[in-house]
Every structure is written in structure tokens, then in C-alpha cells.
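Residue numbers (UniProt numbering), protein chains in the order written: chain A, 1 to 114; chain B, 1 to 524.
Quick notes on the structure that follows.
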Amino acid sequence: MIEIVSRERCIACDKCVDVCPTNVFDRGADGIPVIARQSDCQTCFMCEAYCPVDALFVDPRSHALPEPPDEAVLAADGTLGGYRAQIGWGRGRTPGARLAIGPSLDRAGAPLTS
Amino acid sequence: MTELNADVLVAGGGPAGAWAAIKAAEAGADVVLADKGYLGTSGATASAGTGVWYVEPEPQAREAAMASRESLGGYLADRDWMARVLDQTYANMNELAEISRYPFPVDDNGRQIRRGLQGPEYMRRMRVRVRRAGVRVLDHSPVTELLADGSGSVAGAAGYRVRDDRPFRVHAGAVVLATGGCAFLSRALGCDVNTGDGALFAAEAGAELSGMEFSNAYAIAPAFTSVTKTAFYSFATFYHADGTVLEGAGSRKGRSVIARTLLSEPVLCRIDRATPEDQRAMRLAQANFFLPFDRQGIDPFKDLFPVTLLAEGTVRGTGGIRLTGADCATSVPGLYAAGDAATRELVCGGFTGGGSHNAAWAMSSGTWAGQGAARYAAGLGGRAGERAVHALGEAGLRPAGPATGGHAEYIAAVQAEVLPYDKNLLRHGDRLTPALDVLDRTWRELRGTLREEGAGVVRARSAAAMTAHARWMYSAALARTETRGMHKRLDLPEQDPAQHRRLVTGGLDEIWTRPEAGALAVAS
Numbered sequence: 001m002i003e004i005v006s007r008e009r010c011i012a013c014d015k016c017v018d019v020c021p022t023n024v025f026d027r028g029a030d031g032i033p034v035i036a037r038q039s040d041c042q043t044c045f046m047c048e049a050y051c052p053v054d055a056l057f058v059d060p061r062s063h064a065l066p067e068p069p070d071e072a073v074l075a076a077d078g079t080l081g082g083y084r085a086q087i088g089w090g091r092g093r094t095p096g097a098r099l100a101i102g103p104s105l106d107r108a109g110a111p112l113t114s
Numbered sequence: 001m002t003e004l005n006a007d008v009l010v011a012g013g014g015p016a017g018a019w020a021a022i023k024a025a026e027a028g029a030d031v032v033l034a035d036k037g038y039l040g041t042s043g044a045t046a047s048a049g050t051g052v053w054y055v056e057p058e059p060q061a062r063e064a065a066m067a068s069r070e071s072l073g074g075y076l077a078d079r080d081w082m083a084r085v086l087d088q089t090y091a092n093m094n095e096l097a098e099i100s101r102y103p104f105p106v107d108d109n110g111r112q113i114r115r116g117l118q119g120p121e122y123m124r125r126m127r128v129r130v131r132r133a134g135v136r137v138l139d140h141s142p143v144t145e146l147l148a149d150g151s152g153s154v155a156g157a158a159g160y161r162v163r164d165d166r167p168f169r170v171h172a173g174a175v176v177l178a179t180g181g182c183a184f185l186s187r188a189l190g191c192d193v194n195t196g197d198g199a200l201f202a203a204e205a206g207a208e209l210s211g212m213e214f215s216n217a218y219a220i221a222p223a224f225t226s227v228t229k230t231a232f233y234s235f236a237t238f239y240h241a242d243g244t245v246l247e248g249a250g251s252r253k254g255r256s257v258i259a260r261t262l263l264s265e266p267v268l269c270r271i272d273r274a275t276p277e278d279q280r281a282m283r284l285a286q287a288n289f290f291l292p293f294d295r296q297g298i299d300p301f302k303d304l305f306p307v308t309l310l311a312e313g314t315v316r317g318t319g320g321i322r323l324t325g326a327d328c329a330t331s332v333p334g335l336y337a338a339g340d341a342a343t344r345e346l347v348c349g350g351f352t353g354g355g356s357h358n359a360a361w362a363m364s365s366g367t368w369a370g371q372g373a374a375r376y377a378a379g380l381g382g383r384a385g386e387r388a389v390h391a392l393g394e395a396g397l398r399p400a401g402p403a404t405g406g407h408a409e410y411i412a413a414v415q416a417e418v419l420p421y422d423k424n425l426l427r428h429g430d431r432l433t434p435a436l437d438v439l440d441r442t443w444r445e446l447r448g449t450l451r452e453e454g455a456g457v458v459r460a461r462s463a464a465a466m467t468a469h470a471r472w473m474y475s476a477a478l479a480r481t482e483t484r485g486m487h488k489r490l491d492l493p494e495q496d497p498a499q500h501r502r503l504v505t506g507g508l509d510e511i512w513t514r515p516e517a518g519a520l521a522v523a524s
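Pasting the structure below:
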């Protein structure tokens with residue numbers, strides 16, 4: 001589930017508020033989105049993909065953690081923004097779709113491309 | 001109240017809804033698309049990605065493609081529909097390359113490989129094309145009920161603009177339901193918006209459903225996560241907690257062994273049959289597959305990790321709203337259905353595994369439903385907006401008695417009957433019958449009292465839709481007294497040649513099931 005909106009990185013663009021398919025965020029009074037309905041988060045990682053400044057962190061567990069993880073650690077090891085980098089979204093990157101040639105699921109078959 | 005007029009209203013912003021909106025607009029219709037979440041991120045495709053049933057138009061290749069899955073589907077698919085889907089999918093995928101400039105990967109000869117789609121990239125580009133087509137998009141605006149005219153023809157829909165906290169109505173010449181299947185809020189990837197709402201709306205308008213017994217798809221995911229990407233588990237070995245191999249367990253065949261084992265003990269997994277080259281390719285093909293591992297410090301190729309099975313209901317199952325024409329019309333005038341909201345039996349019969357056929361069906365049926373709805377609306381000759389309409393919503397909206405809330409309790413009650421493996425996946429008449437009794441009781445209570453104010457209407461209607469969906473599923477599952485497709489009855493393990501026909505289901509307070517008479521005509 002969504003665990004972190006980085007106050008340090010957020011540029012208050014409202015993108016995550018708009019794109020979240022389950023409407024988890026509210027606009028905060030200071031412009032920084034608030035995780036208002038965490039239990040509605042479906043752990044789909046779409047907000048991370050759309051965040052232009054890598055300010056969000058979705059933990060892969062589909063239940064809330066007792067407390068959010070340490071943002072500094074996630075920033076340092078590249079986890080913040082990691083998914084967006086992998087799918088090749090962001091200026092100067094090659095779209096992940098262009099490179100998405102997987103292994104063949106049976107030795108004779110065609111490679112998986114999704 | 002926001003009031004809008006349109007020729008065509010599309011409910012749902014996944015691939016089927018997006019294609020429906022584009023093709024209706026290209027046919028000259030004024031289109032509104034309303035999505036429960038956000039067109040571009042909503043639904044089972046956007047966050048996941050999928051293979052696509054894209055087959056070159058060579059007779060031999062097409063024949064092989066159609067023949068390959070007929071037996072798995074219990075011979076309930078229709079060759080004419082399969083051929084049409086192959087044609088339409090080929091055309092739409094080529095449009096994605098040429099119009100939307102989707103960045104397909106290229107092979108060694110520099111030729112694009114158009115057999116798969118990355119969900120975020122696909123749906124982001126679909127949103128752009130929908131908007132360029134002049135469609136008015138209402139995000140965070142779930143439809144909550146249909147509107148009908150005096151003759152019972154569908155004439156629009158009402159819903160709630162969640163972020164503006166106010167209701168809306170769209171008066172429309174025709175409506176396309178592309179609201180997805182129902183995964184019962186199981187947390188399967190991207191599926192929490194898919195609560196079977198469209199099937200409820202359709203049934204309230206008098207439409208029929210088909211194939212509801214094919215509703216017990218379960219996907220493998222690392223335990224406690226949402227990532228139901230199952231393809232790479234064909235490289236996996238499954239283990240007991242003590243490290244011994246779980247015999248018979250597998251991703252393609254043997255998922256029921258995993259389910260049965262999970263009833264009493266954990267199941268562990270390791271993707272240990274992938275070469276280093278495979279492993280590198282996997283990361284390129286499905287970045288999202290690795291999120292649960294990378295973020296929990298698990299090396300899935302070396303470490304044992306626990307897995308679970310998450311219900312995908314009629315998202316990956318093939319049941320849905322019954323179609324009565326090649327344009328994806330339903331039995332109700334003015335109402336069309338597409339994607340997972342519609343039955344996918346026509347191309348898949350009683351089984352789908354991977355997403356390839358499902359993605360092909362979404363884009364093909366969306367195209368036809370959009371065009372069909374545009375044609376129907378045009379036939380009204382501009383009278384659409386003048387019709388006096390009435391709202392059709394009942395359960396969760398207009399209770400028979402004094403209103404109370406409580407959607408969460410109803411959802412929990414339904415989940416307790418449809419999520420457990422020993423009820424829905426490992427089906428047995430002795431367990432289906434009491435489960436259906438509980439669901440019928442839940443329905444009666446909910447029908448009598450459930451209503452919530454403001455945006456609560458959305459949750460109340462989702463609860464009602466899930467309850468209805470579960471009852472249609474188990475009614476059909478009890479009526480099909482055999483094993484066919486994904487519907488496997490432990491008490492009736494054989495396929496019965498006498499039951500080689502589709503089952504039609506319908507009704508709300510009283511549910512009925514009957515064999516389908518005759519075959520669907522394909523004429524356009």
C-alpha cells in the first residue's frame with residue numbers, strides 16, 4: 001500500500017490525486033497530497049509510475065505497515081522512483097515497452113512480450 | 001447535480017471502454033466516458049500488462065490459433081466470433097502502432113513484435129486518443145444505475161462525481177457497459193474497481209448473463225501482495241514448508257493442488273527453472289512482477305518465498321452480460337456490453353488462462369459495442385435527449401424498507417462465501433448449496449435496508465453488485481452438473497456431452513438459470 005508522500009520531493013502537481021484509480025489521496029491544505037484513505041489502496045503502483053519527481057512509495061504488501069519505512073533509506077538505495085525508471089517513464093529514458101521481450105514460456109514458442 | 005446529454009455514454013475506462021469511446025466518436029457520436037477511477041490507470045489491464053492474441057492473417061496460423069484453446073474452454077466458444085476477434089485485434093493493434101505510436105519492441109529483423117502490451121504505456125496512450133477523439137471524460141465518476149425510457153430502452157445513466165461530491169446524470173441514446181468483471185475486492189492487481197457493477201445494472205434493466213459458472217479464476221501472487229502476474233510461475237517449483245517438493249503443483253496445471261495445500265499449510269515457491277538469460281529477459285518483460293521481491297529483499301530465483309492465490313472471479317473468468325448480436329448488443333434496446341463485463345465465452349468458452357484472449361476481446365468487443373451504440377443512437381434521430389426517463393437502480397440504492405448503512409458487513413459476508421478455495425475453486429455441490437443459501441439471505445437483508453448517503457452510494461452499490469454476482473455464479477455452478485472449462489466439480493468430475501451448451505442466468509430477487517437455445521447469429 002501507499003506509505004510515503006515525500007514532502008521534500010513533492011511539487012504539489014496533484015498528479016497522484018488525479019490518477020489514483022481508487023481515490024486514495026486528498027489535496028492537503030499546503031498542496032502536498034494526503035494519504036486520506038490508505039485502506040482503499042489496491043497496491044497497483046500507478047501513482048508511483050505517474051509521479052514526475054519520484055516522491056511516492058508503495059510498499060508491495062497489500063496491507064498497511066505499522067509505520068511507514070524510512071524515506072532516507074529508500075531514497076538512498078534508489079527505490080524511490082525505481083518503478084518509474086524500470087518502465088522507462090521520464091525525460092531521456094527509453095520506454096520499457098520498447099525493450100519488453102521476455103523469455104519464451106516453452107522452449108519452442110515465441111518470446112513473451114508483456 | 002451535473003446533467004449532460006450525449007449520443008453514447010460509455011461506463012468504464014479500461015481498454016474495452018476506451019476503444020468503445022473512440023470508435024463511437026469516430027462513427028460520429030457525441031460521447032461521454034465515465035470511469036469509476038481514472039481512464040488510464042483503472043482496471044485489470046493498466047497496472048498489469050498483457051499478451052495479446054495477435055495472429056498474422058494467414059489461414060494456417062489463424063486456424064491453429066482458434067483450435068489451440070477450444071478443448072480447454074470445453075468447446076463453448078464460437079468459431080465465427082473467434083475469427084472476427086482475430087481480425088479486429090489485428091487491426092486495432094496496428095492502429096496502436098500507427099496512430100498511437102505505441103513503442104512495440106522490435107525483433108532481430110527490425111520488425112515490431114505486436115503480441116503484447118505494457119499496461120501503463122497502453123492505457124496512457126489510449127487516454128490521449130480518447131481525448132483527441134473529442135470524448136468528454138469523467139474521471140472518478142462511477143456510474144451507479146441506468147436510466148430507461150417508458151418502453152424500457154436504456155436512455156442513459158446516473159452516477160456520482162466522487163471528487164466533486166455530487167451526483168451526475170447523462171441522458172444518452174445508448175449506453176455501453178465496460179465496467180469490467182468482478183474480483184470481489186480480493187486485491188488482485190488493479191481489480192479493486194472491478195466489483196461487477198455493470199452486470200447489476202444490466203440485470204436491473206432486464207438483460208441476461210451467460211457463463212456465470214466460469215467465475216473461479218485464481219491467480220498466483222507472492223503472499224500478502226497484489227502482484228498477480230502468473231506467467232513466470234511456469235519457471236517455478238513449489239514446495240512444502242519443510243523444503244520438500246509439492247508434487248503436482250504448477251502454474252498452468254496444478255493450481256488446484258496449490259489451493260488444496262494452502263487450506264492447511266503454507267506453499268513456498270522459487271523461480272528456479274529460469275536460465276540467467278531468462279531471468280534478464282523477465283525483468284525487461286514484466287518490471288512489475290519484481291516489485292514484491294525487490295522491495296522485500298527476496299531473490300525469487302534463489303530464495304523460497306510464500307505464495308497465495310487471489311480470486312479473479314469474472315475478471316479472468318469468462319462469465320458476464322449475454323450478448324445478442326454481433327454489435328455486442330444485449331437483450332435490452334440501447335444497452336451494449338464489452339470487455340470483461342460481457343461474457344467472453346464466445347471466444348474463450350469456459351476457460352481463459354493468460355490475458356492474451358482477454359485483451360483481444362476487450363479491444364474487439366469495445367470496438368463493436370462503440371460502433372453499435374453509435375448506430376443505435378443515430379437511429380433515434382435526435383430524440384434521445386427528449387425522452388422521459390426513470391432510474392432503474394434498486395439494491396443498495398432504493399431499499400424496500402427503512403434505510404441503514406453497513407456496506408462493509410455485506411462485502412465481508414460475500415467475500416466469506418466466494419474467496420475461500422474450498423468453496424469457489426474446489427467446487428462441490430455440498431458446499432455450493434449452503435454458500436448460495438447464505439448469499440441469498442445476504443441479498444434479502446441488503447435489498448431490504450442498504451442505502452448510504454453521498455459518495456457512500458458507490459460502496460453500497462458495489463456491495464449489492466458483488467452479492468448479486470456471487471449468487472449468479474453459484475446458481476450457474478449448481479446448474480452445470482458436470483466439469484467443463486474452469487468449472488470443475490469435485491462431486492461431478494466428468495464432462496457430460498449432454499451439457500455441451502451455454503447456461504444463461506438472470507434475475508435479482510429470484511435467480512433463474514436455463515440452457516441457451518440455438519446459436520448466436522453473427523451478421524454485421
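Ideal Cβ placement from N, Cα and C applies to all residues, glycine included.
A quick note: this is a predicted structure, and the numbers were derived from the prediction, not measured.
- Message: Within 8 Å, do at least three Cβ pairs link the region 412-419 of chain B to the region 462-478 of chain B?
- Response: yes
- Given a cut-off of 8 Å, decide if ALA34/B and GLY159/B are closer than it, judged by their beta-carbon atoms. On the second sequence, residue 159/B is found 159 positions in, with the first residue counted as 1. On the second sequence, residue 34/B is found 34 positions in, with the first residue counted as 1. Yes.
- Task: With DSSP collapsed to three states, give me the class of residue 529/B.
- Result: Because chain B spans 1 through 524 in this model, residue 529/B falls outside it and cannot be assessed.
- Query: Using a beta-carbon distance below 8 Å, is ILE87/A in contact with chain B?
  - Reply: By one-based count along the first sequence, residue 87/A stands at place 87. Interface residue, yes.
- Message: Between which residues of its own chain and ALA12/A is the CB-CB distance below 7 Å, once the five residues before and five after are set aside?
- Response: To locate residue 12/A, count along the first sequence from 1; it is residue 12. Taken in chain order, the residues that qualify are GLY31 and ILE32.
- Message: Could you check whether the Cβ of ILE101/A sits closer than 8 Å to any Cβ belonging to chain B?
- Response: Stepping through the first sequence from its first residue, residue 101/A is reached at position 101. Interface residue, yes.
- Can you tell me whether ARG101/B is buried or exposed, with buried defined as 16 or more other CB within 10 angstroms of its CB? For the purposes of this step, residue 101/B is taken as the residue at position 101 of the second sequence. Classification for ARG101/B: exposed.
- Message: With three or more beta-carbon pairs closer than 8 Å as the criterion, would you say the region 52-61 of chain B touches the region 17-30 of chain B?
- Response: no
- At least three beta-carbon pairs within less than 8 Å, the region 235-245 of chain B to the region 263-275 of chain B: yes
- Item | Same chain, Cβ closer than 6 Å to LEU86/B, neighbours up to 5 away in sequence not counted | The residue given as residue 86/B occupies position 86 in the second sequence. Closer than 6 Å at the Cβ level, and outside the excluded window around LEU86/B, lie VAL55 and ARG62.
- Message: Counting only Cβ pairs nearer than 7 Å, list the residues of chain A close to SER100/B.
- Response: By 1-based counting over the second sequence, the position of residue 100/B is 100. Going along chain A, no residue has its Cβ under 7 Å from SER100/B, so there is no contact; the nearest lies around 11 Å.
- Item | Under 8 Å by beta carbon: chain A residues contacting ALA360/B | For the purposes of this step, residue 360/B is taken as residue 360 along the second sequence, with counting starting at 1. Neighbours of ALA360/B on chain A: none; closest Cβ ~12 Å, over 8 Å.
- Taking a Cβ distance cut-off of 7 Å, strictly less, list which residues of the region 22-48 of chain A are near chain B, in chain order. THR22, ASN23, GLN42, THR43, CYS44, PHE45 and MET46
- DSSP on HIS63/A, reduced to helix/strand/coil? Here residue 63/A refers to the residue found at position 63 of the first sequence. In the structure shown, HIS63/A sits in coil (DSSP, three-state: anything other than H, G, I, E or B).
- Contact the region 92-111 of chain A vs the region 11-21 of chain B: 3+ CB pairs below 8 Å: no
- Item | DSSP beta-bridge partners of LEU450/B | Here residue 450/B refers to the residue found at position 450 of the second sequence. According to DSSP, which records beta bridges pairwise, LEU450/B is partnered with THR404/B.
- Item | Bounding residues of the beta strand (DSSP E) (the contiguous stretch that carries THR308/B) | Position 308 of the second sequence holds residue 308/B. THR308/B -> beta strand (DSSP E) spans 305-312.
- Message: Any beta carbon of chain A sitting closer than 8 Å to that of ALA498/B?
- Response: Numbered from 1 along the second sequence, position 498 holds the residue referred to as residue 498/B. Judged by the 8 Å Cβ criterion, ALA498/B is not in contact with chain A.
- Message: Distance cutoff 8 Å, beta carbons only. Does ARG113/B sit that close to anything in chain A?
- Response: As a working mapping, residue 113/B is identified with position 113 in the second sequence. Looking at the sequence shown, residue 113/B is not Arg but Ile. Yes, its Cβ sits closer than 8 Å to a Cβ of chain A.
- For LEU112/A, decide whether its Cβ has a neighbour in chain B, counting only Cβ atoms nearer than 8 Å. Position 112 of the first sequence, counted from the start, is the residue given in the question as residue 112/A. Closer than 8 Å: yes.
- Message: Here's the rule: buried if 16 or more other CB atoms are within 10 angstroms of the residue's CB, otherwise exposed. What is residue 530/B?
- Response: Because residue 530/B is not part of the residues shown, which for chain B are 1 to 524, the question remains open.
- Item | Proximal residues of chain B, C-beta to C-beta of LEU105/A below 7 Å | In the first sequence, residue 105/A corresponds to position 105, counting from 1. Chain B residues near LEU105/A: ALA231 and SER234.
- Taking Cβ-Cβ distances shorter than 8 Å, what residues in chain A pair up with ASP197/B? For the purposes of this step, residue 197/B is identified with residue 197 of the second sequence, where counting begins at 1. Ordered by position in chain A, no residue passes the 8 Å Cβ test against ASP197/B, which lies about 14 Å from the chain.
- Message: What are the residues in the region 44-74 of chain A lying within 7 Å of chain B by C-beta distance?
- Response: CYS44, PHE45, MET46, ALA49, ASP59, PRO60, ARG61, SER62 and HIS63
- Heavy atom of the ligand NAD less than 7 Å from the Cβ of TRP361/B, yes or no? Of ligands this structure carries none, so the ligand NAD is not represented either.
- Task: Taking only beta-carbon positions, decide if VAL176/B is within less than 8 Å of chain A.
- Result: Translated into the one-based positions of the second sequence, residue 176/B becomes position 176. Not closer than 8 Å to any Cβ of chain A, the Cβ of VAL176/B fails to qualify, so no.
- Query: What whole-angstrom Cβ distance do VAL267/B and VAL307/B have, given they're in contact under 8 Å?
  - Reply: Counting from one through the second sequence, the residue named residue 267/B turns up at place 267. Counting from one through the second sequence, the residue named residue 307/B turns up at place 307. Correct: roughly 6 Å between the Cβ atoms.
- Can at least three beta-carbon pairs, one atom from the region 163-182 of chain B and one from the region 197-213 of chain B, be found at a separation below 8 Å? yes
- Report all residues from its chain with a CB closer than 7 Å to the CB of ALA259/B; omit the five preceding and five following residues, and keep chain order. Numbered from its first residue, the second sequence carries residue 259/B at position 259. Here the set comprises TYR218, LEU309, TYR421, LEU425 and LEU426.
- Message: With three or more C-beta pairs closer than 8 Å as the rule, is the region 469-478 of chain B touching the region 432-440 of chain B?
- Response: yes
- Under the assumption that ALA64/B contacts TRP53/B (Cβ atoms under 8 Å), give the Cβ distance between them as a whole number of angstroms. The residue you call residue 64/B lines up with position 64 of the second sequence. The residue you call residue 53/B lines up with position 53 of the second sequence. Contact doesn't hold; Cβ gap of about 12 Å is too wide.
- Item | Span separating the alpha-carbon of VAL170/B from that of GLU510/B | As a first step, residue 170/B is located in the second sequence; it is residue number 170 there, counting from the start. As a first step, residue 510/B is located in the second sequence; it is residue number 510 there, counting from the start. If I take the Cα positions, the gap works out to 30 Å.
- Does DSSP classify HIS140/B as helix, strand or coil? In the second sequence, residue 140/B corresponds to position 140, counting from 1. Correct three-state label for HIS140/B: coil.
- Would you please state the rounded distance, in angstroms, between the beta carbons of SER226/B and CYS44/A? I believe it to be under 8 Å. Against the second sequence, residue 226/B aligns to sequence position 226. Against the first sequence, residue 44/A aligns to sequence position 44. That belief holds up - the Cβ atoms of SER226/B and CYS44/A are roughly 7 Å apart, short of 8 Å.
- What are the boundary residues of the beta strand (DSSP E) that GLU3/A is part of? Position 3 of the first sequence, counting from 1, holds the residue named residue 3/A. Looking at the DSSP string, the run of the beta strand (DSSP E) that includes GLU3/A is 2-5.
- Could you have a look at ASP197/B and say whether DSSP puts it in helix, strand or coil? Taking the second sequence and counting its residues from 1, one reaches residue 197/B at position 197. It is helical.
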